[in-house]
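Q: Going letter by letter, the sequence shown gives residues 0 to 76 in numbering that gives the first Met the number 0.
Heads up, the beta-carbon is just placed ideally off N, CA and C, and yes, glycines get one too.
Sharing a structure with you now.
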Amino acid sequence: MMECRNVVVVGAGTMGRGIAHVAALAGYQTWLADVDESTLQKSLTEIEHDLAAAVPGKKSPKYSDQPRYHGSSWPAI
């Protein structure tokens with residue numbers, strides 16, 4: 000059986016951002032999509048901040064430097 004290591008979250012509001020954050024923190028390649036570019040950018044900024052804060056003492060620097068999340072506005076999907 001093939002293991003899935005990718006997650007797509009549609010909707011970058013509070014809940015979508017939280018789901019994407021947890022998935023990225025768990026090491027999944029995570030894509031976050033939203034119809035509103037400003038909501039998407041705000042969520043990506045907050046996820047980046049949260050992941051950076053979670054790294055010290057919990058993840059190796061090599062692992063923490065790997066991109067694990069991506070954003071896309073709806074028309075690009």
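Among Val21, Gly12, Ala11, which residue has its Cα nearest to the Cα of Asn5?
A: When each option's Cα is compared against that of Asn5, the closest is Val21.
Q: Between Leu31 and Leu39, is the Cβ-Cβ spacing less than 8 Å?
A: Yes, these two residues count as a Cβ contact at 8 Å.
Q: Quick check on the DSSP output: the beta strand (DSSP E) that includes Val8 runs from which residue to which?
A: First-last of the beta strand (DSSP E) with Val8: 5-9.
Q: Starting from Ala22, trace the alpha helix (DSSP H) both ways and give me its first and last residue.
A: Run containing Ala22: 13-24, per the alpha helix (DSSP H) assignment.
Q: Tell me which residues share the same chain as Arg16 and place their Cβ nearer than 7 Å to its Cβ, disregarding the 5 neighbours each side in the sequence.
A: Cβ within range, chain order: Ser42, Glu45, Ile46.
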